[in-house]
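Here our numbering runs 369 ahead of the position in the sequence shown, where the first position is 1.
No residue lacks a Cβ here, since even glycine has one placed at the ideal position from N, Cα and C.
Notes follow the structure.
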Amino acid sequence: MTTSHTIAVSTDPGCPATRDYLPWKDAKLREDPYPFYARALAEAPITIDDDGTFVLTRYEDLMHYGRLPSVVIGPEWEKAGGWKILEHMALGKDEPEHTRLRRLTSKWLTPKQVKHWITITAAVTDEILDRVGDDGLIDGFDIAVEATHRTVCRLLEVPDDQIDEVRTQMRKAMPVLSAVPTPEDFQACEEAHVYLRSRAAELIEMKRDQPGTGLLDHLLALEDSGEMTAAEVHATTLFFYFVGHMDASYLICSGLHMFTRRPDIFEVFRHRPEVREAIVTELVRFDAPEPVVTRTTTEPLVIRGVTVPAGSTLRLMLGAANHDPEVFDNPDDFDYNRPPEQTRNLTFSLGTHACQGRLLAEAEVRVIWERIAARYSRIELAAPPVIKNTDASRHYHSLPLRLIP
370 MTTSHTIAVS TDPGCPATRD YLPWKDAKLR EDPYPFYARA LAEAPITIDD
420 DGTFVLTRYE DLMHYGRLPS VVIGPEWEKA GGWKILEHMA LGKDEPEHTR
470 LRRLTSKWLT PKQVKHWITI TAAVTDEILD RVGDDGLIDG FDIAVEATHR
520 TVCRLLEVPD DQIDEVRTQM RKAMPVLSAV PTPEDFQACE EAHVYLRSRA
570 AELIEMKRDQ PGTGLLDHLL ALEDSGEMTA AEVHATTLFF YFVGHMDASY
620 LICSGLHMFT RRPDIFEVFR HRPEVREAIV TELVRFDAPE PVVTRTTTEP
670 LVIRGVTVPA GSTLRLMLGA ANHDPEVFDN PDDFDYNRPP EQTRNLTFSL
720 GTHACQGRLL AEAEVRVIWE RIAARYSRIE LAAPPVIKNT DASRHYHSLP
770 LRLIP
């Protein structure tokens, strides 16, 4: 997740204007950003926005500057509307607080634990597929959201009976994270966060009354022992419950959509279990759900000859870096046979803030595709999908499918 942050505008004449390469409001960029990324990568790997934000697209620049100790989260969430609440969890903190909070939940997302959680994902997916009629019609978005959200609810050990409201409110909350949010985006985000904050508080109160052995119980025990504050528990609960399904559900839909266009890849996925992980990894590189993160410089930098003052915002274009031809041969081709050095994508961010839930998200993608592949030989579009993207996040709203045995 990312936000915008305003600073004094640099006058460095050697830095091209972002609007000439990445026009954030352009509907074509939001629908398919990759041609825009390709031009920026080739001609202007560093640009400057009208508000003074520096935009980086090259893989090597993100890997270097995005991991410098002097490049921090900083005030990233100050202008994020309701998402300012995430300042109280690991995602919104710099060292040493980031690592302190991250370690408190890390044991719940180890490879061993992920193997357990995806048995839930598989069981829920089978339940959903059992409901498919003889016509094979189903919305792929419903599969993706229900299976992943219910998995997170089992991890937290909380009820999973508000899925429709969760996705409705998240649709309202996300657009504010654009580089160019509108007043309407801020208003919608604030309205959504009334529900988000209330629901998280309700789950915490429910757990206090009916304790168990889930992640939320663990968080409350940490609060009781003084290792977490009430604000940290509330923000962490909100994030897991509302955001924990989002990247995985997008990737699941993106892959299912691809299978309708590339039945040859679905055939390979069905019949060659040994390459399934590679297909998931390539999809993760190919179509990042949240293609940007922002950071703040705490000291001056010179990036490709451009002076970047201390206090500047860096907009790190993960989605562009994943298509950098200097790292990925023929980056716009879907190639699951890439050598290992061409599989190290940045979709789940980088450095100490790399996504803690990556293993679970990728495993959920694989297992949901596997459960579908176990029953069906072909996937077709039943109607055009509904996709609503911003420059900062990508979202399926509907993916009507016909599953063919």
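query                                                                                                                   : result
Glu646 versus Trp486: straight-line alpha-carbon distance, rounded                                                      : 17 Å
Exposed unless 16 or more other CB atoms sit within 10 angstroms - verdict on Pro708                                    : exposed
Unbroken stretches of the beta strand (DSSP E), 3 residues or longer, contained in the region 509-586                   : none
7 Å Cβ cutoff met for Arg536 and Val514                                                                                 : yes
Straight-line gap, Ile454 to Leu670 (C-alpha atoms, nearest Å)                                                          : 30 Å
Burial state of Asp511, where buried means 16 or more other Cβ atoms lie within 10 Å                                    : buried
Burial state of Val736 (16 or more Cβ within 10 Å)                                                                      : buried
Leu470 - containing alpha helix (DSSP H), residue span                                                                  : 466-475
Euclidean distance between Cα positions of Ile376 and Asp418                                                            : With a pLDDT of 34 at Ile376, under the threshold of 50, the predicted position of this residue should be treated as unreliable, though the coordinate-derived value follows. Their Cα atoms are separated by approximately 10 Å.
Same chain, Cβ closer than 8 Å to Leu431, neighbours up to 5 away in sequence not counted                               : Leu425, Leu685, Met686, Leu687, Ala690, Leu715, Leu719
Residues sharing a beta bridge with Ile672, DSSP                                                                        : Val675
Close beta carbons around Ala732, own chain, < 7 Å, minus the five adjacent residues each side                          : Val483, Ile487
Rounded straight-line distance, which links the Cα of Ile634 to that of Ala542                                          : 34 Å
Neighbourhood of Ala516 by C-beta distance below 6 Å, restricted to the same chain and skipping five residues each side : Thr490, Val493, Thr494, Ile737
N-terminal and C-terminal residue of the beta strand (DSSP E) that Val662 is part of                                    : 662-666
Ordered list of beta strand (DSSP E) runs contained in the region 632-661, each at least 3 residues                     : none
Thr721: first and last residue of the uninterrupted alpha helix (DSSP H) it sits in                                     : Neither: Thr721 is in no alpha helix (DSSP H) and is coded neither H nor E.
Coarse secondary structure for Thr606, derived from DSSP in three states                                                : helix
Under the three-state DSSP convention, the category Leu685 falls into                                                   : strand
Coil, strand or helix - Glu596 by DSSP                                                                                  : coil
Start-to-end residues for the alpha helix (DSSP H) that takes in Arg744                                                 : 727-744
Residues near Val653 in its chain [Cβ-Cβ closer than 7 Å; skip 5 each side]                                             : Leu620, Asn714, Thr716, Glu731
Three or more C-beta pairs below 8 Å linking the region 525-539 and the region 562-573                                  : yes
Phe423, enclosing beta strand (DSSP E) - first and last residue                                                         : 423-425
Cross-strand partners of Glu749 (DSSP beta bridge)                                                                      : Arg771
Assigned secondary structure, Ala491 (DSSP; H/G/I helix, E/B strand, else coil)                                         : helix
Strand pairing of Tyr619, partner residues [DSSP]                                                                       : Paired residues: none, contrary to the question.
Given 8 Å, three or more beta-carbon pairs between the region 576-594 and the region 444-451                            : no
Pro754 and Asp508 closer than 7 Å at C-beta                                                                             : no
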